[in-house]
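Input: a single structure, listed below in structure tokens.
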Amino acid sequence: MAFLIRRRPRPLATLAVAMRLALAVLLIAATAASAVEGDASTLERRVKAAFLYKFAGYVEWPAQAFVRPDDPVVIGVVGADALADELEQVVAGRRVGNRPLITRRLDRVDPAARVHILFVGRGVDRGQVFDLLARMQREPVLTVTEADSGWLAGSVINFVIDNDKVRFQISAAAAEGHGLRLGSQLLAVAREVRRGSP
Amino acid sequence: MRGPPGLSSVRAKLLAGVLLTSIAALLVNGVALLFYDLRGYREAGAKDMTTQADLIGRATSAALQFDDPEFAANNLALLRVRPSVRAAAIYNSRGAVFARYFRADAAQDVLPRLPEADSVKVAGDRMTVFRRVVDNDEILGTVYLAADFEIYRRLADYAVIAGSVMLIALLVALLLSAWLQAAVTRPIIGVARLARKVVEQRDYSVRASKSTDDEVGVLVDAFNDMLSEIERRTAALEHSKTQLEREAAERSEAERALRTSEERYRSLVVVSAQIVWTTNADGQVIEPLPTWEAYTGQGDSEIMGLGAADAIHPDERGQALDLWRQAVEAGTPYATEFRLRRRDGVYRWFAARGVPVRRADGSIKEWVGTCTDIHDQKIAAEEIQRLNEELEQRVRQRTAQLEDKNRELEAFSYSVSHDLRAPLRAIDGFSQALVEDFGEQVDEEGRRYLSRIRSATQRMGQLIDDLLTLSRISRVELSWSTVDLSAMARQIIDELKHCNAERTVEVSIWDGVLVHGDPRLLRIALENLLGNAWKFTERTSAPRVEFGALEDQERSTYFVRDNGAGFDMAHAGNLFGAFQRLHAVTDFPGTGIGLATVQRIVHRHHGRIWANAQRGRGATFFFTLGEAGDLAQAPEESGRSASAAS
Chain A
150 MAFLIRRRPR
160 PLATLAVAMR
170 LALAVLLIAA
180 TAASAVEGDA
190 STLERRVKAA
200 FLYKFAGYVE
210 WPAQAFVRPD
220 DPVVIGVVGA
230 DALADELEQV
240 VAGRRVGNRP
250 LITRRLDRVD
260 PAARVHILFV
270 GRGVDRGQVF
280 DLLARMQREP
290 VLTVTEADSG
300 WLAGSVINFV
310 IDNDKVRFQI
320 SAAAAEGHGL
330 RLGSQLLAVA
340 REVRRGSP
Chain B
284 MRGPPGLSSV
294 RAKLLAGVLL
304 TSIAALLVNG
314 VALLFYDLRG
324 YREAGAKDMT
334 TQADLIGRAT
344 SAALQFDDPE
354 FAANNLALLR
364 VRPSVRAAAI
374 YNSRGAVFAR
384 YFRADAAQDV
394 LPRLPEADSV
404 KVAGDRMTVF
414 RRVVDNDEIL
424 GTVYLAADFE
434 IYRRLADYAV
444 IAGSVMLIAL
454 LVALLLSAWL
464 QAAVTRPIIG
474 VARLARKVVE
484 QRDYSVRASK
494 STDDEVGVLV
504 DAFNDMLSEI
514 ERRTAALEHS
524 KTQLEREAAE
534 RSEAERALRT
544 SEERYRSLVV
554 VSAQIVWTTN
564 ADGQVIEPLP
574 TWEAYTGQGD
584 SEIMGLGAAD
594 AIHPDERGQA
604 LDLWRQAVEA
614 GTPYATEFRL
624 RRRDGVYRWF
634 AARGVPVRRA
644 DGSIKEWVGT
654 CTDIHDQKIA
664 AEEIQRLNEE
674 LEQRVRQRTA
684 QLEDKNRELE
694 AFSYSVSHDL
704 RAPLRAIDGF
714 SQALVEDFGE
724 QVDEEGRRYL
734 SRIRSATQRM
744 GQLIDDLLTL
754 SRISRVELSW
764 STVDLSAMAR
774 QIIDELKHCN
784 AERTVEVSIW
794 DGVLVHGDPR
804 LLRIALENLL
814 GNAWKFTERT
824 SAPRVEFGAL
834 EDQERSTYFV
844 RDNGAGFDMA
854 HAGNLFGAFQ
864 RLHAVTDFPG
874 TGIGLATVQR
884 IVHRHHGRIW
894 ANAQRGRGAT
904 FFFTLGEAGD
914 LAQAPEESGR
924 SASAAS
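And the structure:
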């Protein structure tokens with residue numbers, strides 16, 4: 150089955166990375182200056198991108214999810230292009246253990262897409278979310294959603310807004326279904342942990 | 284117990300010693316323990332707090348990452364079970380306080396405004412700890428803990444315990460020392476009393492009684508031994524004193540005798556014409572030398588050390604001192620000659636002699652020597668030397684003049700001989716032409732005359748040739764090389780045999796006679812000597828000719844021997860003169876120049892030639908070849924070869 154992966158060309162040169170970092174700093178500074186409180190959604194997106202990266206440190210994938218010890222952790226993003234942009238900046242040059250992190254924007258999702266974390270944004274409509282998560286049900290993928298629909302559809306982690314802060318719910322049962330082990334500390338800071346079948 | 288004065292102080296010292304030792308040991312012990320314990324206490328506290336901070340950091344890393352201060356605060360609240368912790372805080376990665384905790388009684392404590400790097404600090408009764416929370420190589424935040432550190436209370440506890448222990452220990456030490464004292468001091472007091480008695484009464488026969496086997500017992504023994512020793516020494520002293528007095532009397536008698544003999548010797552030295560000197564073993568003058576000073580006019584102080592040598596003439600002084608130093612160093616007799624300055628400034632020659640005087644063990648005690656005036660002999664000897672040299676010079680001049688004359692003479696005879704040959708050849712040639720061309724026109728008698736003319740001219744030609752050889756030999760430059768005389772002699776004999784095939788001569792030539800000389804001249808000499816031997820054995824029944832060499836220690840003597848006609852030794856003096864013949868020409872033909880030539884050749888080789896003969900019993904000619912002529916190789920008797928000519 151054919152699938153499309155929209156992928157930005159990755160500059161390898163350190164100089165390019167540094168330039169991009171500088172640009173990001175400028176952007177952040179500009180954003181902070183222009184819309185400190187105005188654009189709450191920008192802040193929310195940034196926090197979610199940071200959380201997505203941090204989740205990788207608390208998840209233990211089954212052995213078959215990677216071929217080599219230094220294979221990258223691939224974070225697939227569907228229906229959230231702005232967040233994908235943010236995420237790309239966050240993971241640039243970062244590692245989880247020995248593994249680098251890679252962001253992939255996906256139009257459609259397929260079990261063969263080989264992602265380790267899949268973020269399904271609000272850009273994907275309800276019906277499709279169910280479809281998507283159902284297809285990834287037995288894959289070693291940490292599914293993350295940001296809407297009740299996703300939570301209902303059985304995602305492992307679902308972002309919620311609590312007291313103007315980004316928090317998350319965790320379904321231990323869903324994690325088990327994907328063959329993932331979640332760190333107890335992650336569970337400890339979750340707003341809600343659901344055990345048993347959804 | 285009232286002991287003699289002084290002993291009470293021994294007791295006090297013993298007591299003080301025991302107490303001070305105990306106190307010192309306890310103090311050192313207590314302080315060491317205190318420091319060790321405090322250090323351990325601090326380290327254990329620091330480690331405990333660091334571990335606690337690490338645990339908190341680990342438990343709250345997720346809270347920091349996912350920005351959950353409530354969870355972090357709940358975690359910190361668990362510190363309630365650690366009452367020593369007064370305050371705690373977690374700072375986020377930007378340095379802001381993320382969560383905090385205060386003990387109920389410490390709510391007014393102030394948290395540091397900013398976190399610090401990992402550290403443990405103790406200030407007063409507080410210990411503060413900062414620990415970074417690191418996850419995946421990223422600093423997530425910092426944990427801060429502040430706890431009570433009760434070091435002063437601990438110190439106070441220590442002081443109380445240490446004081447009590449010390450007090451009890453001192454008490455025990457006091458009791459023990461009091462008991463020990465009695466055991467130690469009693470025997471000492473006994474010895475002390477006895478010692479006082481000995482000193483006061485000078486009675487060395489008393490003895491202390493020994494009650495224990497410890498050091499005090501040893502002391503008693505030593506004291507008793509000392510008393511015995513003193514008793515014995517006193518007796519020995521008495522004895523040696525009387526002996527010493529006797530010896531002193533004997534010695535003073537001997538010294539008096541020695542002084543007399545020394546004075547006698549000194550007077551002798553002063554009156555003697557010779558200069559007598561003495562030095563110490565190092566060759567330095569250390570006492571006045573009356574005769575030296577009387578002669579040279581130097582004072583006592585001037586001659587000390589090597590100062591006496593100043594009176595020696597500067598030309599000989601250096602050498603005289605060098606020889607003196609060598610003699611002193613080697614311990615060998617000293618002998619030299621030098622000019623010595625008389626007190627009026629006149630230098631006279633002296634012969635100095637010195638010998639070492641040795642002690643019984645062979646080491647040098649001092650040096651004694653004399654200086655004898657040899658000025659007149661020396662001057663006389665020098666005069667003789669000068670005259671001798673003059674004489675030699677004159678002899679050399681005369682010899683040179685003589686040699687010049689000889690050379691002129693030889694040149695003259697050479698040219699004369701040369702000029703004589705031309706007319707002689709004409710006479711001989713024309714005589715021969717007469718015989719050949721007009722022989723038939725001349726009668727028998729005429730032919731005989733012609734033959735007589737020819738033989739006479741030929742003899743004269745031979746004579747002239749020999750004369751030329753003789754004079755040439757005197758003039759020619761010698762060309763030196765190694766010559767095998769044995770081989771040369773064999774060649775000559777072969778030629779003689781060839782010319783006289785009818786003769787049978789027994790020839791014996793020694794092998795390996797090697798010399799250094801002019802081969803051409805030596806050949807002429809050997810030709811003459813062997814030719815003579817060959818010639819003069821013509822009428823002998825069993826002719827024998829021998830050539831060989833005799834080895835002396837220094838040089839070789841070569842000889843040619845035959846058993847031919849020989850000659851009368853009365854005529855031996857004329858043997859080597861030119862034209863001297865000892866035999867009639869009719870008996871043995873010859874020009875009479877051969878031996879003169881041989882002698883000339885031998886002389887040119889700086890050798891000597893002589894002969895030994897007896898009429899009718901053969902002759903032996905000996906010759907040497909000077910130093911340059913002999914080679915080291917000695918002819919070997921065993922290598923002697925004999926060959927008989929047929």
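These protein sequences, in sequence, are chains A and B. This note's numbering applies: residue 150 is where the first sequence begins, and numbers increase by one. This note's numbering applies: residue 284 is where the second sequence begins, and numbers increase by one. In this text, a Cβ means the ideal position worked out from N, Cα and C, and glycines have one as well.
Practice problem: For the alpha helix (DSSP H) holding T562 (chain B), just list the boundary residues, first then last. | Solution: If you number the second sequence from 1, residue 562 (chain B) lands on position 279. That residue, T562 (chain B), is in no alpha helix (DSSP H); its beta strand (DSSP E) goes 558-563.
Exposure label - Y548 (chain B); buried when at least 16 CB within 10 Å: The sequence position of residue 548 (chain B) within the second sequence is 265, counting from 1. With fewer than 16 Cβ atoms within 10 Å of its Cβ, Y548 (chain B) is classed as exposed.
Q) To the nearest angstrom, how far is it from the Cα of A928 (chain B) to the Cα of R677 (chain B)? A) Here residue 928 (chain B) is taken as the residue at index 645 of the second sequence, counted from 1. Here residue 677 (chain B) is taken as the residue at index 394 of the second sequence, counted from 1. Because the pLDDT at A928 (chain B) is just 39, under 50, the model does not fix this residue reliably, and the value given afterwards should be weighed accordingly. About 55 Å.
- Give the DSSP bridge partners of G901 (chain B), in chain order. Locating residue 901 (chain B) in the second sequence gives position 618, where the first residue counts as 1. Looking at the DSSP assignment, G901 (chain B) forms no beta bridge with any residue, so it has no partner.
- request: Please name the residue, chosen from B:I647, B:L458, B:H889, B:H781, that lies closest to L930 (chain B) on a Cα-to-Cα basis.
  value: Nothing can be reported for residue 930 (chain B), as the shown portion of chain B is limited to 284 through 929.
Within 9 Å, strictly: CB atoms of G614 (chain B) and W560 (chain B)
Your numbering for residue 614 (chain B) matches position 331 in the second sequence. Your numbering for residue 560 (chain B) matches position 277 in the second sequence. Going by C-beta atoms, G614 (chain B) is not nearer than 9 Å to W560 (chain B).
Handout entry: Candidates B:L717, B:L589, B:A594, B:G588: closest to G580 (chain B) by CA position
Key = To locate residue 580 (chain B), count along the second sequence from 1; it is residue 297. If we check each option's Cα against that of G580 (chain B), B:A594 comes out closest.
* Asked: Given that G206 (chain A) touches chain B, what residues does it touch there, using C-beta distances under 8 Å?
  -> Working through the first sequence from its first residue, we reach residue 206 (chain A) at position 57. Near G206 (chain A) (Cβ distances below 8 Å), the residues of chain B are Q348, D418, N419.
From B:L317, B:A825, B:V725, residue whose alpha carbon lies closest to that of L438 (chain B): Walking along the second sequence from the start, residue 438 (chain B) turns up at place 155. Nearest Cα to L438 (chain B) within the set B:L317, B:A825, B:V725: B:L317.
Point to revise | Rounded C-alpha distance that separates R786 (chain B) from K780 (chain B) | key: Here residue 786 (chain B) refers to the residue found at position 503 of the second sequence. Here residue 780 (chain B) refers to the residue found at position 497 of the second sequence. Cα-Cα distance, rounded: 7 Å.
Just to confirm the assignment, what range does the beta strand (DSSP E) spanning H888 (chain B) have? For the purposes of this step, residue 888 (chain B) is taken as the residue at position 605 of the second sequence. Element bounds for H888 (chain B): n/a, residue is neither H nor E.
Do you know offhand how far K493 (chain B)'s Cα is from D320 (chain B)'s?
The residue labelled residue 493 (chain B) in the question sits at position 210 within the second sequence. The residue labelled residue 320 (chain B) in the question sits at position 37 within the second sequence. Looking at the two C-alpha atoms, the distance is approximately 51 Å.
- [ ] Leaving out five residues on either side along the sequence, give the residues of the same chain with a beta carbon under 6 Å from the beta carbon of L510 (chain B).
- [x] Counting from one through the second sequence, the residue named residue 510 (chain B) turns up at place 227. Once the five neighbours on either side are set aside, the close Cβ partners of L510 (chain B) are Y487.
- Quick one: list the residues of chain B neighbouring Q334 (chain A), beta-carbon separation under 7 Å, in chain order. Here residue 334 (chain A) corresponds to residue number 185 of the first sequence, with the count starting at 1. Those within 7 Å of Q334 (chain A) in chain B are S344, A345.
*The alpha helix (DSSP H) with Y207 (chain A) in it runs from where to where?*
In the first sequence, counting from the first residue as 1, residue 207 (chain A) sits at position 58. No alpha helix (DSSP H) holds Y207 (chain A); DSSP gives it neither H nor E.
| query | With C-beta atoms as the reference, is G206 (chain A) less than 9 Å away from G326 (chain A)? | reply | Position 57 of the first sequence, counting from 1, holds the residue named residue 206 (chain A). Position 177 of the first sequence, counting from 1, holds the residue named residue 326 (chain A). Their beta carbons are not under 9 Å apart, which means G206 (chain A) does not touch G326 (chain A) by this criterion.
For F950 (chain B) and Q684 (chain B), I'd like the C-alpha separation in whole angstroms.
As shown, chain B starts at 284 and ends at 929. That puts residue 950 (chain B) outside it, with no answer to give.
Q. Alpha carbon to alpha carbon, what distance is there between D627 (chain B) and A531 (chain B)?
A. For the purposes of this step, residue 531 (chain B) is taken as the residue at position 248 of the second sequence. For the purposes of this step, residue 627 (chain B) is taken as the residue at position 344 of the second sequence. For A531 (chain B) and D627 (chain B), the distance between alpha carbons rounds to 49 Å.
Practice task
Keeping to the same chain, check which residues put their C-beta closer than 8 Å to that of R409 (chain B); ignore five residues upstream and five downstream.
Solution key: On the second sequence, residue 409 (chain B) is found 126 positions in, with the first residue counted as 1. Cβ within range, chain order: R369, A429, A430, D431, F432.
Practice item. Note down, one range per segment and in chain order, each beta strand (DSSP E) of at least 3 residues found wholly within the region 205-273 of chain A. Key: 222-227, 248-255, 266-269
Can you list, in chain order, the residues of the region 347-381 of chain B whose Cβ is nearer than 8 Å to any Cβ on chain A? Q348, F349, D350, D351, F354
9 Å Cβ cutoff met for L267 (chain A) and L255 (chain A)
Within the first sequence, the letter at position 118 stands for residue 267 (chain A). Within the first sequence, the letter at position 106 stands for residue 255 (chain A). Yes, they are a contact pair.
Could you list which residues in chain B have their beta carbon closer than 9 Å to that of A321 (chain A), in chain order? Counted from its first residue, the first sequence places residue 321 (chain A) at position 172. Near A321 (chain A) there are no residues of chain B at all, since even the closest Cβ is about 15 Å away, more than 9 Å.
Terminal residues of the continuous beta strand (DSSP E) containing L361 (chain B)?
Sequence index remark: in the second sequence, residue 361 (chain B) carries index 78 (1-based). That residue, L361 (chain B), is in no beta strand (DSSP E); it is neither H nor E in DSSP.
query: Which bits of chain B does A337 (chain A) rub up against, with CB to CB less than 7 Å?
result: Locating residue 337 (chain A) in the first sequence gives position 188, counting from the first residue. Neighbours of A337 (chain A) on chain B, chain order: A345, F354.
Quiz item: The alpha helix (DSSP H) spanning G473 (chain B) covers which residue range?
Solution: As a position in the second sequence, residue 473 (chain B) is number 190, starting the count at 1. Element bounds for G473 (chain B): 434-484.
Can the beta-carbon of G228 (chain A) be found closer than 9 Å to that of G272 (chain A)?
The count along the first sequence starts at 1 and reaches residue 228 (chain A) at position 79. The count along the first sequence starts at 1 and reaches residue 272 (chain A) at position 123. Yes, Cβ-Cβ distance for G228 (chain A) and G272 (chain A) is below 9 Å.
TODO: Go ahead and label A931 (chain B) buried or exposed: buried means 16 or more other beta carbons lie within 10 angstroms of its beta carbon, across all protein chains shown.
DONE: A question about residue 931 (chain B) goes unanswered here, because the residues of chain B that appear run from 284 up to 929.
(Q) Using CA atoms only, rank isn't needed, just tell me which of B:R363, B:G582, B:R414 is closest to A329 (chain B). (A) Numbered from its first residue, the second sequence carries residue 329 (chain B) at position 46. It is B:R414.
- Could you pull out every unbroken beta strand (DSSP E) segment of at least 3 residues lying fully inside the region 512-596 of chain B, listed in chain order? Segments of the beta strand (DSSP E) lying fully in the region 512-596 of chain B: 558-563.
| task | Please name the residue, chosen from B:Q680, B:V403, B:A709, B:N312, that lies closest to M743 (chain B) on a Cα-to-Cα basis. | result | Locating residue 743 (chain B) in the second sequence gives position 460, counting from the first residue. Per the Cα distances, B:A709.
Open item on the list: Let me check understanding here. Comparing Cα to Cα, which of B:D748, B:Y841, B:Q882, B:R838 lies closest to N857 (chain B)?
Closed with: If you number the second sequence from 1, residue 857 (chain B) lands on position 574. The option with the nearest alpha carbon to N857 (chain B) is B:Q882.
| task | Express the C-alpha separation of Y202 (chain A) and G242 (chain A) in angstroms, rounding to a whole number. | result | Working through the first sequence from its first residue, we reach residue 242 (chain A) at position 93. Working through the first sequence from its first residue, we reach residue 202 (chain A) at position 53. Distance between the alpha carbons of G242 (chain A) and Y202 (chain A) is about 12 Å.
**Request:** Please say whether Q557 (chain B) and T653 (chain B) have beta carbons closer to each other than 9 Å?
**Result:** As a working mapping, residue 653 (chain B) is identified with position 370 in the second sequence. As a working mapping, residue 557 (chain B) is identified with position 274 in the second sequence. It is a contact, given that the beta carbons lie within the stated cut-off.
- request: Using the Cα positions of D399 (chain B) and A336 (chain B), report the straight-line distance between them to the nearest angstrom.
  value: In the second sequence, residue 399 (chain B) corresponds to position 116, counting from 1. In the second sequence, residue 336 (chain B) corresponds to position 53, counting from 1. According to the sequence displayed, residue 399 (chain B) carries Glu and not Asp. Between E399 (chain B) and A336 (chain B), the C-alpha separation is close to 14 Å.
request  = Take the Cβ of P706 (chain B) as the centre, count every other Cβ of all protein chains shown within 10 Å, and call the residue buried at 16 or more, exposed below.
outcome  = Working through the second sequence from its first residue, we reach residue 706 (chain B) at position 423. P706 (chain B) comes out exposed.
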